[in-house]
Structure formats: C-alpha cells, structure tokens
Amino acid sequence: MPLDKPYKNVPGTTIFDAEQSRMGYWLNQFCMSLMKAENRDRFKKDERAYLDEWPMTEDQKQAVLARDLNRCIQLGGNIYFLAKIGATDGKSFQQMAGSMTGMSEEEYRNMMIGGGRDPKWGRK
Amino acid sequence: MPLDKPYKNVPGTTIFDAEQSRMGYWLNQFCMSLMKAENRDRFKKDERAYLDEWPMTEDQKQAVLARDLNRCIQLGGNIYFLAKIGATDGKSFQQMAGSMTGMSEEEYRNMMIGGGRDPKWGRK
Amino acid sequence: MARITASVYTSHVPAIGAAMDLKKTEEPYWQRVFSGYEFSRRWLQENKPDVVFLVFNDHATAFSLEMIPTFAIGTAAHYKVADEGWGPRPVPDVEGAPDLAAHIAQSVIQQDFDLTIVNKMDVDHGLTVPLSLMCGEPKQWPFKVIPFAVNVVQYPVPSGMRCFKLGQAIRKAIESFDEDLNVQIWGTGGMSHQLQGPRAGLINREWDNRFLDRLIDEPEELAKVPHMEYVEEAGSEGIELVMWLIARGAMADVAGGAKPELKHRFYHVPASNTAVGHLILENT
Amino acid sequence: MARITASVYTSHVPAIGAAMDLKKTEEPYWQRVFSGYEFSRRWLQENKPDVVFLVFNDHATAFSLEMIPTFAIGTAAHYKVADEGWGPRPVPDVEGAPDLAAHIAQSVIQQDFDLTIVNKMDVDHGLTVPLSLMCGEPKQWPFKVIPFAVNVVQYPVPSGMRCFKLGQAIRKAIESFDEDLNVQIWGTGGMSHQLQGPRAGLINREWDNRFLDRLIDEPEELAKVPHMEYVEEAGSEGIELVMWLIARGAMADVAGGAKPELKHRFYHVPASNTAVGHLILENT
Ligand SMILES: [Fe+3]
Ligand SMILES: [Fe+3]
C-alpha cells in the first residue's frame, strides 16, 4: 500500500482505515447488534455465548469480555461501534474514554474540567 | 421543481426519478421481498394476503394482481424491481417487456429477431 | 425561490443530549454549556426556518460497516430517533422535506458530487443533539429537516476542500428550488476531541478558536487544511469539523455575495470529553 | 506496480446467463450471440489478469430503495451470487481483492470522488453474465474481481463525463499500488435497449455502432453526450452505456499514453430485448 499513511505516527491514536475496518469487521458488527434491546439482554445474560455467535477471533472476544477498549481498537474496533458496549453496560462516553488512558475515572474527569489533555501530549 | 425534466417527453417511456421512486417506494420494496424463496412461496399461495402485508395503495395492489406492468410503472414501479414478479411467475424478461407493448408474445419476439423496434417509433 | 438565510455551527456531544434527557441542565457543570445556547434559542424563535439542511455524521448507527457512504442525503418524509444502545432519546421524530431533498440530490449529483440517496434512516445524537440545543424540548420540532450524513468514521474521509465545494453546490441547488422557503444550513460535530486510546481527552483551545476565526473570515483558506492537521491538533474525532465547511460553503459571500453577519459565538471546555464550539452566521 | 493491461466492454443481458445455465448455447438464436465471444475466451486465457475491476450496475438486487449509492466499490473478500427471483445462478461465488480495492477507494476518494464503500453485497447478472461470457463455465473464476456498482436505476445517474473522469482517477489509483498485478477493467451494460412501456424493444443499430466507433477513437468527445441522447436514441435502459466510459477513461491514451489496440469488436441483435455490443482494447 504505497499511499501515505501519515496518521500511523500520531501518539496514542489509531486511525480507523480500511485495513483496521477489515480486521475489525465482525467485532464492530457485533457491537452494532447491541442497538437492539433484545440483543443487549441476551448479551448480558451470557456474554460468552452471545459472542460465540459471531465469527470474531478469540482475541477479540477476550478483549470484549475484559472491556479492554485499547485492545479492542488494536484488533480493529472503532470507538463509535465499541460505544454500544459501554451503553449496554450503562457507562457514559466519558467513562469509556477515560478507561483507555490509564487514569482513574476521577482523574480523567478532573483533567477534562481543567481544560483537557494538553495537545502537545506524547509529541517529540 | 424547477430543474428540467426533459425526459418527461420521451414517447412510451417513464423515467424513474426521485418523484416516481417516492410514489413507488413500497411497491418496489414489495418486489424486492420476492428475492427470498420463502416469500415467493407465500406470495404464490395467497397473493392478496401477501400484498396486504405491505403499505401499498389499493391501485398498486390491483396493478400487481393484474400483472399490468404499465400501470405498475405509472404508479411508481421500476422495471428492475418489477422483474422480480416476473421471475416469481417464471416469465422471461422478454415476456415481461413484450407484455407492455400491446403485442402478442410471438409478435414481440419476431420484432426483436427482425432487429427490434424502430428508434423513430412514436416521434413526431 | 428558496433561500439560505443563515448557517449554524455546533458540537453534537451525546452527553449534552443525556444532560437534557436526565434533567441535569441546571447543574453548574451543564449550566455552563447551555448558557452558550440561550441567545441561540431566542434567535431561532425569531428566525424560524421552514427547513434545516442538517449536516452531521452517523456514529455507527444507521450505517454499519456493510455500506459506508461518503455523502448521504435523506430524502424520506420521516426519520425515527435511533436506539444507540441505551434506548432512543425521548425526543420527537424528525419530519423530512422530501421534495426539496430530492431536488437538491438531483442538482448536486448533476454538479458532480456522487451522493448516496437514503430513503430510510434512523437518526442518532449527531442530528438530535443540535436540535435539542437549538430548540429546547418542544413537542415536535418546529421545522422540517433534511439530514445530510458525512463519513468521518472510516478513512479516507472527504477533504475540507471537497466539503467546502459541496456547500457551494448545495447553495446553488437550494436557490434553484421554486418554492418560497426559508432554509438554514447547520454544520455539526467537533470541536477538538479524542475519544480513543491513551491520548483520549485531548483539547486544543487555541487551535479551536483559530478555526472559528478562520471559518468566519477566510473559510476558503481554512478549507485547505489537510486531514493530518485535524488529527494532530484537534484529536482523532476533531476531524468532524470538516462538516462545518459544508455549511460555510453554502453562505452567500462564497458565491460573491455580502459577508455574513456574526450573530453569536461561543466556546467552552468541557462537555464530557469534548470542547463545545458554536457560531451563528446570518446572510445579510 | 499494478498496471491496467486491457479493457473489455460487453452487454450483460440476464437471458444470456439463462441460456448458458439452461444449456441452450447451441441453439441457433444463442449461437449467434456466443459466436462473438469465441475469440474473447481464447484471448482471456492468453491474457489472464490477476484482478478484474468490473464496472456494472446492480438491478435492484443488493441495493433496495433504502439506499442508492451513485458509485459503490466492493472491498470485501467474497461475494455471493444473488437470488434475483428464480434462485441464484449456478456459477461460482466471486473472490474479491480487498487490499487493492481498499487502496483504490482511498486514492479515488482523495481525488474527490465520493464513493460508497461496500463490505457486503450479493452480485447479480450485471456482474456474473460478463464473467460467464468471457470465461465460460469454470469451477471457479480464474481471477479476483473488484465489483464497482454505478447507479443507473434512479435518476439522476452520473453523467458520461463524470464516469470518464472517474476512470482516469481509477487508473491513477491502480498504478500507484505497490504490488505487481495485471489488472483489467471491464465496462458492462447496454447497448441500446428499453425494457419498459409501450416503447419496449427499441434497438438503434446505427447509434450503437457510432457509440462503438467513438468509444474507440474519441472517448472524451463521446463523454460529452448528455443523458437525454442515451434515453432518446438508445432506449431508457441504454443509459447503462455510461459505465463503458469508466473503463475507457482508465486506458493509457487518456493520460497521454499510446492509443490502445482494438483486439476485437462484435455487435449483434438481439439477445432477448437487447442489442449486444462487445469490444476488447489492449494497452500497448
Ligand atoms: Fe460526533
Ligand atoms: Fe443491466
């Protein structure tokens, strides 16, 4: 793929392009299924059984079970899709975003109230 | 709608534009449902009952029951969608097209073998 | 003749909708956000459009990975409010403007924009939160809406310049519609935010405010900013801001008319993970 | 480097597929049609591509009226053969070329074509009939396919010139792909035919042949022909011919290279309701 992918070099960031999308296809389609109340119920009742209905990789399933969103993203998940898991769990988008930063919920919330993360974060 | 619709003046021809599409939305969506073998069976068993599951106008339903394709097109049907009715009936595309011309099946077939309809047909 | 009278720009943070739906708007945290829309609600009542052409992005709601349209125009008569995973927001369904939408689709496709026409779509917070912010909590929305969805989820997303030119094509289309309609165009999403990874929570106050300045004064120059700058400076989801350029491109000055009047400007950090930006520009 | 070695143009009449599937190819009526493809099958065996970029239109099969993309590129690894109402054709499923397709999508969107990306799609006769015509009845298709669907069902459809320019963008995209691949681009649909109304059965032998002449010799001029001429002269479904301009726009001469060599030309009336046209052009 000779087209430039300069966005590969942004710190702490994964850009959801066609490559990621292909890798994460079923993971993301699973997430979308949680937009139906009936599916949320079935997922909550037995997460593993529900996940096993989808042709996802074992790694992807483990990442979902662990609610490890960074890992989910690495495996092709996109945050707008993954948000359906958070919604199913009753988490806010702030709780979800914070969970990826290594900060506690309160630390993250306070960082946001204080003006958010410095845009120079992680740059050389 | 001030944009030109010069195609309104082509003899014996209805161009499927947004206006037709809106009018024929459910008629065409009904046709697409016939791409599933199960729905074809249900339709064949009781056409009226199957049609009544769709929010089509009575005129549209009557036109389908009568296999009056010209009328179907007038009511917003598009030939590629309507073709699914013909397929369900076991008709060829040639039989379907011919049925709209007022010619017998044989007359139409012979016209095609003879080189088709004269492109000057219907012009002033 | 239909005409575009004004453009409105606003973030569409889901937590803002939740704050309204859960009656938290009086809490100090949220009061600071909503204070920026008090003027706007009055202004909208005094300048009620017939139709709002609402540019937003779908957040993996109506569009799965099966089909990802770069630009999708809604030509339906009615749009249901989506269940994004916590049940549908308790807000009214959205009435479309099918005739005008079909006209715009026809005109804009003939101007070489390769739209996808959508006749069935549930609308998510990207569309309903701006309505809530601008209209409060009416029993029904006080105008018709043409939803216009832009892909900013899977790369490559359309460039700022493509969006800006699309706005110009939309303006031509609207102004060639025969009915006497007052149309507003809204650009939504942004401002700086990042929702993913260790860098989540990024906010760039300086860059955001410069974006607002330039959107008002030199939109064509702003349209040249490449994607990478959005990602690097405004966070991975800051890319949503390209949608504001569609609305801006539809204003009269871009086609040689008078400069729009700035009626309102607001900027605040934070709402949930996001900086909130908001502008109202009126054609004079 | 991937390169486009040749373009192929052919009608994609469903009855041709049915004739093969029902073993009628030896009947004199059909023999006349298939005789035009004898050379082509030999040629294809001697010039086997790795990937065919196959431009076709969906006939209300994968795309309902819910969503109508102007241009849709298939980036999936696999496509099933559609049931169009009489059961799926007994032909192999189609293997995609996801890496190249994703690369083309990225490049072409960045060249300001607003593609819809499709990851799941059943393919209808518009795609499988050209494969059958060119390959006969193999156990599996001898190359990978990137399906590219053009809206020619609901007006407005893209203009001939938009299609021609898209072809140029596709060429740039393919030639910037790092892998050493032999790619052909096929344009399908047409020629003159009308499937609807009292005017059904229209055939315009003279106009069709002039179209073939001009496609070979002056494609850019041909691309200026407005939609109305297609409808008036080539019948309402003759509009499918704009898709041939995508394939032609991707040939080397359009970008300043050498003129392609005409390897084969065939024209016959009728196949079912349709005139059958077919060309093979090789880049030299
Ligand atoms: Fe958003
Ligand atoms: Fe066709």
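Chains as they are written, first to last, in this note's numbering: chain A, 1 to 124; chain B, 1001 to 1124; chain C, 2001 to 2284; chain D, 3001 to 3284. Glycine included, every Cβ here is placed at the ideal spot set by N, Cα and C.
Taking the beta carbon of TYR50(A) as reference, no residue of chain D falls within 9 Å; the closest one sits roughly 21 Å away. Counting C-beta pairs closer than 8 Å gives three or more between the segment 2200 to 2217 of chain C and the segment 99 to 112 of chain A, which meets the contact rule. By the rule that beta-carbons nearer than 8 Å mark a contact, THR3116(D) does not touch chain A. Chain-order list of chain B residues neighbouring ALA2097(C): empty, with the shortest C-beta distance near 12 Å, by a criterion of under 7 Å.
Scanning the segment 3208 to 3234 of chain D for uninterrupted alpha helix (DSSP H) segments of 4 residues or longer gives 3219 to 3222 and 3227 to 3234, listed from N- to C-terminal end. Counting every other CB atom within 10 Å of its CB across the protein chains shown gives ARG3089(D) a total of 16 or more, marking it as buried. For PHE16(A), the CB contacts under 6 Å within the same chain, skipping 5 residues up- and downstream, are ASN78 in chain order.
Using a C-beta cut-off of 8 Å, the segment 2244 to 2260 of chain C makes contact with the segment 2004 to 2023 of chain C, since at least three inter-stretch Cβ pairs fall below that distance. Neighbours of PHE2113(C) in chain D, taken as residues whose beta carbon is under 7 Å from its own, are ASP3114 in chain order. In the structure shown, LYS2144(C) falls within a strand segment according to DSSP collapsed to helix, strand and coil. Inclusion of ALA2149(C) and ALA2076(C) in the CB contact set at 8 Å is not warranted, their separation being larger than that value. Each of HIS2012(C), ASN2057(C), HIS2059(C), GLY2126(C), GLY2189(C) and GLU2240(C) has a C-beta closer than 6 Å to some heavy atom of ligand 1; these make up the full list, in chain order. Of all residues in the segment 23 to 42 of chain A, only TYR25 place a beta-carbon less than 7 Å from a beta-carbon of chain D. Rounded to the nearest angstrom, the Cβ distance from LEU3054(D) to PRO3130(D) is 7 Å, consistent with a contact under 8 Å. The beta carbon of ALA3149(D) sits no closer than 8 Å to any beta carbon of chain A. Of all alpha-carbon atoms in MET2001(C), ILE2280(C), THR2284(C) and LYS2080(C), the one lying nearest the alpha-carbon of GLN2140(C) is that of LYS2080(C). Under the three-state reduction of DSSP output, ILE2185(C) falls in the strand class. Less than 8 Å separates the beta-carbon of LEU75(A) from that of MET23(A). The residue from TRP2186(C), TRP2207(C) and ASP2253(C) with its alpha-carbon nearest to that of ASP2217(C) is ASP2253(C). When the alpha-carbon of GLY3126(D) is set against those of THR3061(D), GLU3206(D), HIS3078(D) and ARG3248(D), the nearest one is in THR3061(D). Of all residues in the segment 3161 to 3181 of chain D, those with a C-beta nearer than 8 Å to a C-beta of chain A are SER3176, PHE3177 and ASP3178, reading in chain order. Here the segment 2019 to 2037 of chain C lies against the segment 2266 to 2277 of chain C, with 3 or more beta-carbon pairs under 8 Å apart. Unbroken alpha helix (DSSP H) runs of no fewer than 4 residues, entirely contained in the segment 3017 to 3047 of chain D, are found at 3028 to 3034 and 3038 to 3046, following chain order. Minimum Cα-Cα distance from ALA97(A) among the listed residues LEU2262(C), ILE2117(C), VAL2052(C) and HIS2193(C) corresponds to HIS2193(C). Counting only residues of its own chain and dropping the five nearest sequence neighbours on each side, MET1056(B) has a CB closer than 7 Å to the CB of TRP1026, LEU1027 and PHE1030.
The C-alpha of ALA37(A) is placed about 32 Å away from the C-alpha of PRO2156(C). Contact check for PHE2164(C) against GLY2249(C) passes: the beta carbons are separated by less than 8 Å. By DSSP's assignment, HIS3264(D) forms a beta bridge with ILE3280(D).
Proximity of ALA66(A) to chain D, defined by a Cβ-Cβ separation below 8 Å, is not satisfied.
Interface residue (Cβ-Cβ distance to chain C less than 8 Å): THR3070(D) is classified as such.
One Cα belongs to VAL2091(C), the other to PRO3219(D), and the distance between them is close to 53 Å.
Given a length threshold of 3 residues, each whole run of the beta strand (DSSP E) inside the segment 2085 to 2148 of chain C is given here in chain order: 2116 to 2118. Under the three-state reduction of DSSP output, ALA63(A) falls in the helix class. Distances from the alpha-carbon of GLN3184(D) to those of PRO3142(D), ARG3205(D) and GLY3160(D) put PRO3142(D) closest.
For ILE3203(D), the neighbours in chain B by C-beta distance under 8 Å run, in chain order, MET1112, GLY1115, GLY1116, ARG1117 and PRO1119.
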